[in-house]
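Protein chains: 2
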Amino acid sequence: METSSVVKTSVGIVRKQSFHLENYITVGGRKLREASIGWESYGTLNAAKSNAILIPHYFSGNSHAAGKYREDDALPGYWDSIIGPGKAIDTNKYFVIGVDSLTNLNTKDGITITTGPSSINPDSGKPYGMTFPVVTLPDFVRLQKSLLDQLGITRLHAVIGCSMGAQQAYEWAAAYPDMVDRIVPISGVPSQKAYALVMIESWAAPVRLDRHWNNGNYYGGPEPAAGAALGYYNLLIDSLHPELIATLYGHAAADSGLAPLDAIDHQFLCESALKTQAALGAARADPNHLLYMARACQLFIAGTSGCSVDPSLKNIRAKTLVIQVRTDLIFPSADARVVVAKLKENGTDAEFHELDSSGGHLAIVNEIHKASNLIRSFLDR
Amino acid sequence: METSSVVKTSVGIVRKQSFHLENYITVGGRKLREASIGWESYGTLNAAKSNAILIPHYFSGNSHAAGKYREDDALPGYWDSIIGPGKAIDTNKYFVIGVDSLTNLNTKDGITITTGPSSINPDSGKPYGMTFPVVTLPDFVRLQKSLLDQLGITRLHAVIGCSMGAQQAYEWAAAYPDMVDRIVPISGVPSQKAYALVMIESWAAPVRLDRHWNNGNYYGGPEPAAGAALGYYNLLIDSLHPELIATLYGHAAADSGLAPLDAIDHQFLCESALKTQAALGAARADPNHLLYMARACQLFIAGTSGCSVDPSLKNIRAKTLVIQVRTDLIFPSADARVVVAKLKENGTDAEFHELDSSGGHLAIVNEIHKASNLIRSFLDR
Chain B
4 METSSVVKTS VGIVRKQSFH LENYITVGGR KLREASIGWE SYGTLNAAKS NAILIPHYFS
64 GNSHAAGKYR EDDALPGYWD SIIGPGKAID TNKYFVIGVD SLTNLNTKDG ITITTGPSSI
124 NPDSGKPYGM TFPVVTLPDF VRLQKSLLDQ LGITRLHAVI GCSMGAQQAY EWAAAYPDMV
184 DRIVPISGVP SQKAYALVMI ESWAAPVRLD RHWNNGNYYG GPEPAAGAAL GYYNLLIDSL
244 HPELIATLYG HAAADSGLAP LDAIDHQFLC ESALKTQAAL GAARADPNHL LYMARACQLF
304 IAGTSGCSVD PSLKNIRAKT LVIQVRTDLI FPSADARVVV AKLKENGTDA EFHELDSSGG
364 HLAIVNEIHK ASNLIRSFLD R
Chain E
4 METSSVVKTS VGIVRKQSFH LENYITVGGR KLREASIGWE SYGTLNAAKS NAILIPHYFS
64 GNSHAAGKYR EDDALPGYWD SIIGPGKAID TNKYFVIGVD SLTNLNTKDG ITITTGPSSI
124 NPDSGKPYGM TFPVVTLPDF VRLQKSLLDQ LGITRLHAVI GCSMGAQQAY EWAAAYPDMV
184 DRIVPISGVP SQKAYALVMI ESWAAPVRLD RHWNNGNYYG GPEPAAGAAL GYYNLLIDSL
244 HPELIATLYG HAAADSGLAP LDAIDHQFLC ESALKTQAAL GAARADPNHL LYMARACQLF
304 IAGTSGCSVD PSLKNIRAKT LVIQVRTDLI FPSADARVVV AKLKENGTDA EFHELDSSGG
364 HLAIVNEIHK ASNLIRSFLD R
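From first to last, the protein sequence lines are chains B and E.
In case it helps, this note's numbering puts the first sequence at residues 4 to 384.
In case it helps, this note's numbering puts the second sequence at residues 4 to 384.
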């Protein structure tokens, strides 16, 4: 029995799959002759096809929520701590599906499958660049719906996601109310606030400033990598919290022999460490995709721009478990509380839980195991 | 009497003056053959020279705290609502001095006087650029001290400042404890937090990304204006608060005929309005000065880098009135409370007041009148 419980700690090796759709019409009314997204699954779909849980990902993420592609992968999927046999999202019970978004950032990781500005436009034989149509989170959800149609899944036990993934969970519950039994939105609100709009802009704007951006026509030449890295830096500092940054880095110089007082080019450790981390993320990303992902998120405003979520939230009927990080700077806890109060007012079965962490927004990945029991019991009832 | 009280609402026309120092040695140990800063004053210095109040400015500000230079100036100085005859900082009683910082941002406003990377290096006859030495807030304070020496002022009734100005007030109290009777630090802490360091970096980094930056050697050619504007944009969004941004702009498109869903180049109003405001600020600034001001602030860490403030705050003896904006995102209220608790522990006469505003950090200018009675009575006792 003990051996068996050890084996059961991971979903093991997972296989990336591709879903392809032709002539997809975007929420904005433009046609994509081809739209592809990657997906992967953990657990087994039951005969009644009634045990599926969908996991849309956060802004800089992809489908890879659990397990490893190869034994020697450095890290498993981002939510491996809560997805697996016997874990909060129990793959002994559920068929769990992770999906890539359109215009996904990670075009260079060798595994993400997405259609976006870096894709070849079949009409021209060249990358779309800035001619790619604007897409938004409801587009992501519509592609997921088509994938489920193909798999013959007509009901979802739950949609669970964090950040941009939480927003897609809201969109699912509003767009397909008869199809979604439960949602677990973790640190994300159904109506993007004006402050989030302008903050997200600071993640994208450096790309346009980069000398190599060239109005998006950089394919085959030097890329605006420095701009993308600065965008990721801004995203990263918005995703952390003062308490955590102080704990991690303090005030040390990046190089103890190169005091920031002595030369303008010397750096603090906190600054250089976060810049390094940001550059690693940006190295996996197509810079134009950063512009499109930013816009996709900025457009997610309840009741507008093709978003199915009514501002009154009255079209949401799925049982809802809202989890919110106490120290989140991108989606403040107070906003999530307002959402839950509104849902309850409308008669929706909704509950609110705050995850106590000093880690800021990124705790939705780094500390999600703290919500294990909450999620497990919510999925059971 | 009524006419008289109307006349008394302003300090009237003020005159910018210049202070010049030769062979100034920076905190970092470098020599500036010439260092100049501008200053201005309101009210009259009494015979005993005992009624002076010093006002160091915030990050993007300058000496111009009250009055107008010319009758037709569009706006008076930034704290005109609290500095003037009969106002909180009463120029019928006090001689109030505003001072420009070294490496001041506003080199292009036609009135700021400062020495920094855009100044001509007397040794080369060319602008310093990145060869200018790093300076920090204690340098600013040392120059202010030299100015006061020249004016024959040996005691200060108070040092009052907001943000970077608040930090200079702490520095004054720590560096010259026998000279400063009172300080009023408004939304600023005596030890820059690691989070503030990385946030400030996001104000400066876009300058280096701009194709025209050229390692700081852009004088006489095209300037990295777009980079400076993006830096100011980041500074601006950090200086506001979600509640205020939502109230001001909501989710409208910048142009109602150009929906952000329809093209990647269409903007939201919140984004374009803040970008416009940021570009106006940046148009007054030398981009290299933004790098140096950022570093000056990043270096203000209690007990290090030449900062006179001891981490224990034990060297601060001036009566201290700390005012903090409730919704400040750059200097969270909680940090200021810790400072006041420490000061009290040390036996310093210190009090804490929270300014209730949904405006974020910028309320230190826009809503400072709300603190009028607090400041007035503190200066009286």
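In this text, a Cβ means the ideal position worked out from N, Cα and C, and glycines have one as well.
Does any C-beta atom of chain E lie closer than 7 Å to the C-beta of G31/B? Here residue 31/B refers to the residue found at position 28 when the first sequence is read from its first residue. The beta-carbon of G31/B is placed less than 7 Å from the nearest beta-carbon of chain E.
Using a Cβ-Cβ cutoff of less than 6 Å, which residues in the same chain neighbour N124/B once the five nearest sequence positions on both sides are dropped? For the purposes of this step, residue 124/B is identified with residue 121 of the first sequence, where counting begins at 1. Same-chain partners within the cutoff: Y131.
State buried or exposed for I28/B, treating a residue as buried only when at least 16 other CB atoms are found within 10 Å of its CB. Taking the first sequence and counting its residues from 1, the one referred to as residue 28/B is at position 25. So I28/B counts as exposed.
With 7 Å as the limit, tell me which residues of the stretch 271 to 292 of chain B have their beta carbon closer than that to any beta carbon of chain A; keep them in chain order. The structure shown has no chain A; the protein chains it does contain are B and E.
To the nearest angstrom, how far is it from the Cα of L332/E to the Cα of I326/B? Position 329 of the second sequence, counted from the first residue, corresponds to residue 332/E. Position 323 of the first sequence, counted from the first residue, corresponds to residue 326/B. Between L332/E and I326/B, the C-alpha separation is close to 23 Å.
Only counting the same chain, and skipping five residues up and downstream in sequence, which positions put a Cβ closer than 6 Å to that of Q153/B? Position 150 of the first sequence, counting from 1, holds the residue named residue 153/B. Excluding positions up to five away in sequence, the list is empty.
Given a cut-off of 7 Å, decide if L24/E and S149/E are closer than it, judged by their beta-carbon atoms. Mapped onto the second sequence, residue 149/E falls at position 146. Mapped onto the second sequence, residue 24/E falls at position 21. In this structure, L24/E lies closer than 7 Å to S149/E by Cβ.
Could you check how far apart the C-beta atoms of P79/E and S13/E are, in whole angstroms? I think they sit under 8 Å. On the second sequence, residue 79/E is found 76 positions in, with the first residue counted as 1. On the second sequence, residue 13/E is found 10 positions in, with the first residue counted as 1. Taking 8 Å as the upper bound for CB-CB distance, P79/E and S13/E are in contact here, some 7 Å apart.
Bounding residues of the beta strand (DSSP E) (the contiguous stretch that carries C165/B): In the first sequence, residue 165/B corresponds to position 162, counting from 1. Note, C165/B: beta strand (DSSP E), A161 to C165.
Between the alpha carbons of G168/B and V162/B, how many angstroms are there, rounded? Taking the first sequence and counting its residues from 1, one reaches residue 168/B at position 165. Taking the first sequence and counting its residues from 1, one reaches residue 162/B at position 159. Distance from the CA atom of G168/B to the CA atom of V162/B, rounded to whole angstroms, is 9 Å.
Apart from the five residues on each side of it in sequence, which residues of its chain come closer than 6 Å, Cβ to Cβ, to D289/B? By one-based count along the first sequence, residue 289/B stands at place 286. Counting only Cβ-Cβ distances below 6 Å, and skipping sequence neighbours, we find T110 and S121.
Quick one: list the residues of chain E neighbouring P263/B, beta-carbon separation under 8 Å, in chain order. Here residue 263/B corresponds to residue number 260 of the first sequence, with the count starting at 1. Going along chain E in sequence order, the residues near P263/B (Cβ under 8 Å) are V137, R298, Q301, L302 and S308.
Strictly under 7 Å for the Cβ-Cβ distance: is K148/B near chain E by that measure? Locating residue 148/B in the first sequence gives position 145, where the first residue counts as 1. In terms of beta-carbon proximity, K148/B stays away from the interface with chain E, with every pair separated by 7 Å or more.
Of all the residues that make up the stretch 189 to 202 of chain B, which are near chain E by a beta-carbon distance shorter than 9 Å? Here the close residues are S194, Q195, K196, A197, Y198, A199, L200, V201 and M202.
Could you please tell me which residues of the stretch 152 to 167 of chain E, in chain order, have their CB closer than 7 Å to any CB of chain B? Within the stretch 152 to 167 of chain E, no residue qualifies.
Which bits of chain E does M182/B rub up against, with CB to CB less than 9 Å? Taking the first sequence and counting its residues from 1, the one referred to as residue 182/B is at position 179. Those do not exist, as M182/B stays about 25 Å from chain E at its closest Cβ, beyond 9 Å.
Between H364/E and chain B, is there a C-beta pair that is closer than 7 Å? By one-based count along the second sequence, residue 364/E stands at place 361. Answer no: the Cβ-Cβ gap between H364/E and chain B never drops below 7 Å.
Since R211/B is in the alpha helix (DSSP H), which residue starts that stretch and which ends it? Position 208 of the first sequence, counting from 1, holds the residue named residue 211/B. Where R211/B is concerned, the enclosing alpha helix (DSSP H) stretches over A197 to L212.
Reference K347/E; option with closest CA among S63/E, A321/E and H244/E: Within the second sequence, numbered from 1, the residue matching residue 347/E stands at position 344. Out of S63/E, A321/E and H244/E, A321/E has the C-alpha closest to the C-alpha of K347/E.
For the candidate residues I100/E, Q280/E and I319/E, whose alpha-carbon lies nearest to that of I186/E? Taking the first residue of the second sequence as 1, we reach residue 186/E at position 183. Put simply, of I100/E, Q280/E and I319/E the residue whose alpha carbon is nearest the alpha carbon of I186/E is I319/E.
Within 8 Å, do at least three Cβ pairs link the stretch 171 to 185 of chain B to the stretch 243 to 254 of chain E? Remark: fewer than three beta-carbon pairs, one from each stretch, lie closer than 8 Å, so the stretch 243 to 254 of chain E and the stretch 171 to 185 of chain B are not flagged as touching.
Mark F22/B as exposed unless 16 or more other C-beta atoms lie within 10 angstroms of its C-beta, in which case mark it buried. The residue labelled residue 22/B in the question sits at position 19 within the first sequence. It is buried - the Cβ of F22/B has at least 16 other Cβ atoms within 10 Å.
For H254/E, which residues in chain B fall below 8 Å Cβ to Cβ? Within the second sequence, residue 254/E is the residue found at index 251, counting from 1. Those within 8 Å of H254/E in chain B are Q195, A197, L200, I304 and T307.
DSSP bridge partner residues for N124/E (one or two, in chain order): Counting from one through the second sequence, the residue named residue 124/E turns up at place 121. N124/E pairs with K129/E.
What are the residues in the stretch 228 to 241 of chain B lying within 8 Å of chain E by C-beta distance? Those would be A229, G230, L233, Y236, N237 and I240, in chain order.
Along the beta strand (DSSP E) that carries G101/E, what are the first and last residues, could you check? One-based indexing of the second sequence puts residue 101/E at position 98. From DSSP, the beta strand (DSSP E) with G101/E extends over F98 to V102.
List the endpoints of the continuous beta strand (DSSP E) containing Y222/B. One-based indexing of the first sequence puts residue 222/B at position 219. Note, Y222/B: premise wrong, no beta strand (DSSP E); not H, not E.
In the DSSP assignment, find the unbroken alpha helix (DSSP H) run with A381/E in it and report its ends. Here residue 381/E refers to the residue found at position 378 of the second sequence. The amino acid at residue 381/E is misidentified as Ala; the sequence shows Phe. Run containing F381/E: S375 to D383, per the alpha helix (DSSP H) assignment.
So, helix, strand or coil for V9/E, using DSSP? Within the second sequence, numbered from 1, the residue matching residue 9/E stands at position 6. For V9/E, the predicted model reports a pLDDT of 44, less than 50, meaning its position is unreliable; a value from the coordinates is still stated below. Reduced to three states, the DSSP call for V9/E is helix.
Is the separation between the beta-carbon of I116/B and that of D103/B shorter than 7 Å? As a working mapping, residue 116/B is identified with position 113 in the first sequence. As a working mapping, residue 103/B is identified with position 100 in the first sequence. A contact, by the Cβ cut-off of 7 Å.
Examine chain B for any beta-carbon lying closer than 7 Å to the beta-carbon of I367/E, and answer yes or no. Here the question's residue 367/E lines up with position 364 in the second sequence. Not closer than 7 Å to any Cβ of chain B, the Cβ of I367/E fails to qualify, so no.
Cβ pair count under 8 Å reaching 3, the stretch 279 to 297 of chain B against the stretch 189 to 207 of chain B: Counting Cβ pairs under 8 Å, three or more are found: they touch.
Would F22/B pass as an interface residue toward chain E - the criterion being a Cβ-Cβ separation below 7 Å? Indexing the first sequence from 1 puts residue 22/B at position 19. Not a single CB atom of chain E sits nearer than 7 Å to the CB of F22/B.
Is L239/B near Q301/B, with beta carbons less than 7 Å apart? Residue 239/B sits at position 236 when you count from the first residue of the first sequence. Residue 301/B sits at position 298 when you count from the first residue of the first sequence. It is not a contact, given that the beta carbons lie outside the stated cut-off.
Taking the alpha-carbon positions, what's the I86/E to S63/E distance? Start at 1 with the first residue of the second sequence, and residue 86/E comes out as number 83. Start at 1 with the first residue of the second sequence, and residue 63/E comes out as number 60. Here the C-alpha atom of I86/E lies approximately 19 Å from the C-alpha atom of S63/E.
Can you tell me whether R340/E is helix, strand or coil according to DSSP? Locating residue 340/E in the second sequence gives position 337, where the first residue counts as 1. Helix, per DSSP.
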